[in-house]
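S.K.: After the structure tokens below, expect a handful of questions from me.
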Amino acid sequence: MKFFDRAAVAPVLENGLQELELTLDARQHEQLLDYLALLFKWNSVYNLTSVRDPLQMVTQHLLDTLAAVPAFAGATHVLDVGAGGGLPGIVLAIARPDMQVSLIDTVHKKTAFLKQVKAELELANVTVYTSKVQELEVARKFDVITSRAFADLSDFVNWSGHLLAEDGQFIALKGVAPPDEQERLPAQWKVSQLQPLRVPGLNAERHLVFIRKSGQTE
């Protein structure tokens, strides 16, 4: 598909949401489609994702992230590290308007896109930072820090651990479950849970990796 055909894309999203048993209202549906349309449009200039077909974008980006939404059930204040084109942060913010979502990336063109998405979709629960996560300082720490295909798990926790609340956790969205990355985690961190995800229409491995401080009760 060379152009964004909303009428063709919408049913794929709707069917995927039904398979995931995820209930979103009409406005959230429209916001997800609006976000995808913006991603498709900006991608031609800014190269935000290697996936260029809108139908594949629904599966590999929207549904891939939406499958992880239940894992954030108890979260209220989330940071998406290396947010890129807004995955998972923007999708989480749409699916969970009650949750505050901050997105951080070092690349100005990517954060410019994220700010445009925030404005056009009127996402009052979104904050965008252009910075290295190692240098970010916030008044209120995050109860969940997440990333999608961002970095080695040890780098992920080392770079952003100072931003995690005392009883918080990391949730990394990964493809294949990475045993070597788990082994390289610093001693003070441990994988508390490894959860396989089933993404409608996607024949590939997906996992959530939950990481907490060693000795921390879940």
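For the sequence shown, position 118 matches number 111 in the numbering used here, and the numbering has no gaps at all. No residue lacks a Cβ here, since even glycine has one placed at the ideal position from N, Cα and C. This one's a predicted model, so the numbers in the text were calculated from it and none came from an experiment.
With a threshold of 6 Å on Cβ separation, who are the neighbours of L80 within its own chain once the five nearest residues in sequence on each side are excluded?
M.R.: In the sequence shown, the residue the question calls residue 80 occupies position 87. Hits under 6 Å: H54, T58 and R141.
S.K.: In or out: F(-4) buried (at least 16 other Cβ within 10 Å) or exposed?
M.R.: Here residue -4 refers to the residue found at position 3 when the sequence shown is read from its first residue. Exposed: under 16 other Cβ atoms inside 10 Å.
S.K.: Determine the DSSP secondary structure at E159, reduced to helix, strand or coil.
M.R.: Your numbering for residue 159 matches position 166 in the sequence shown. Here E159 sits in strand by DSSP.
S.K.: If you draw a straight line from the alpha carbon of P189 to that of T139, how long is it in whole angstroms?
M.R.: The sequence position of residue 189 within the sequence shown is 196, counting from 1. The sequence position of residue 139 within the sequence shown is 146, counting from 1. The alpha-carbon of P189 is positioned some 16 Å away from that of T139.
S.K.: Looking at the unbroken alpha helix (DSSP H) that takes in D27, where does it start and where does it end?
M.R.: What you label residue 27 is simply residue 34 of the sequence shown in a count that begins at 1. Start and end: A19 to Y39.
S.K.: Looking only at C-alpha atoms, which of D136, G82 and V62 sits nearest to H200?
M.R.: Along the sequence shown, read from residue 1 onward, the residue named residue 200 stands at position 207. Checking every option, the nearest Cα to that of H200 belongs to V62.
S.K.: Tell me whether V71 sits in a helix, a strand or coil according to DSSP, three-state version.
M.R.: Counting from 1 along the sequence shown, the entry for residue 71 is found at position 78. If DSSP states are grouped into helix, strand and coil, V71 belongs with the strands.
S.K.: Where does the unbroken alpha helix (DSSP H) through L107 begin, and where does it stop?
M.R.: On the sequence shown, residue 107 is found 114 positions in, with the first residue counted as 1. Per DSSP, L107 belongs to the alpha helix (DSSP H) from H101 to L114.
S.K.: Please state if the CB of G78 and the CB of L48 are separated by a distance shorter than 7 Å.
M.R.: Stepping through the sequence shown from its first residue, residue 48 is reached at position 55. Stepping through the sequence shown from its first residue, residue 78 is reached at position 85. No.
S.K.: Have a look at the DSSP bridge pairing and note the partners of T139.
M.R.: The residue labelled residue 139 in the question sits at position 146 within the sequence shown. Within the DSSP secondary-structure output, T139 pairs in a beta bridge with D73 and I164.
S.K.: In three-state terms, what does DSSP make of P47?
M.R.: Position 54 of the sequence shown, counted from the start, is the residue given in the question as residue 47. Taken through DSSP and simplified to helix, strand or coil, P47 comes out as helix.
S.K.: Count the other C-beta atoms from every protein chain shown that fall within 10 angstroms of the C-beta of G67, then say buried if there are 16 or more, exposed otherwise.
M.R.: Within the sequence shown, the letter at position 74 stands for residue 67. Looking at its Cβ environment, which holds fewer than 16 other Cβ atoms inside 10 Å, G67 is exposed.
S.K.: Comparing alpha-carbon positions, which option in W182, E176, P171 and P172 lies nearest Q162?
M.R.: Here the question's residue 162 lines up with position 169 in the sequence shown. Comparing Cα positions, the closest option is W182.
S.K.: Please classify G168 as buried or exposed, where buried requires at least 16 neighbouring CB atoms within 10 angstroms.
M.R.: On the sequence shown, residue 168 is found 175 positions in, with the first residue counted as 1. Around the beta carbon of G168, fewer than 16 other beta carbons lie within 10 angstroms, which makes this residue exposed.
S.K.: What are the boundary residues of the beta strand (DSSP E) that includes D98?
M.R.: Here residue 98 refers to the residue found at position 105 when the sequence shown is read from its first residue. That run of the beta strand (DSSP E) goes Q93 to D98.
S.K.: On the premise that V51 lies in contact with V5, defined as a C-beta separation below 8 Å, what is that separation, rounded to the nearest angstrom?
M.R.: Residue numbering aside, residue 5 sits at position 12 when the sequence shown is read from its first letter. Residue numbering aside, residue 51 sits at position 58 when the sequence shown is read from its first letter. Between V51 and V5 the Cβ distance is about 5 Å, and since that is below 8 Å, they are a contact.
S.K.: Which residues in the same chain have their Cβ closer than 7 Å to the Cβ of S17, if we skip the five residues on either side of it in sequence?
M.R.: Mapped onto the sequence shown, residue 17 falls at position 24. One detail in the question is off: residue 17 reads as Leu in this sequence, not Ser. So the list reads L10 and A88, once near-sequence residues are dropped.
S.K.: What's the gap between the Cα of A197 and the Cα of F65?
M.R.: Against the sequence shown, residue 197 aligns to sequence position 204. Against the sequence shown, residue 65 aligns to sequence position 72. The alpha-carbon separation between A197 and F65 amounts to approximately 22 Å.
S.K.: Does the Cβ of G208 have 16 or more other Cβ atoms within 10 Å, making it buried, or fewer, making it exposed?
M.R.: For the purposes of this step, residue 208 is identified with residue 215 of the sequence shown, where counting begins at 1. That one is exposed.
S.K.: Taking all protein chains shown into account, do 16 or more other C-beta atoms lie within 10 angstroms of the C-beta of T104, making it buried, or fewer, making it exposed?
M.R.: Locating residue 104 in the sequence shown gives position 111, where the first residue counts as 1. By the neighbour-count rule (16 or more Cβ atoms within 10 Å), T104 is buried.
S.K.: Mind reading off the beta-carbon distance from S153 to P179? Whole number of angstroms is fine, and I expect it under 8 Å.
M.R.: One-based indexing of the sequence shown puts residue 153 at position 160. One-based indexing of the sequence shown puts residue 179 at position 186. Contact flag wrong, Cβ pair sits at about 13 Å.
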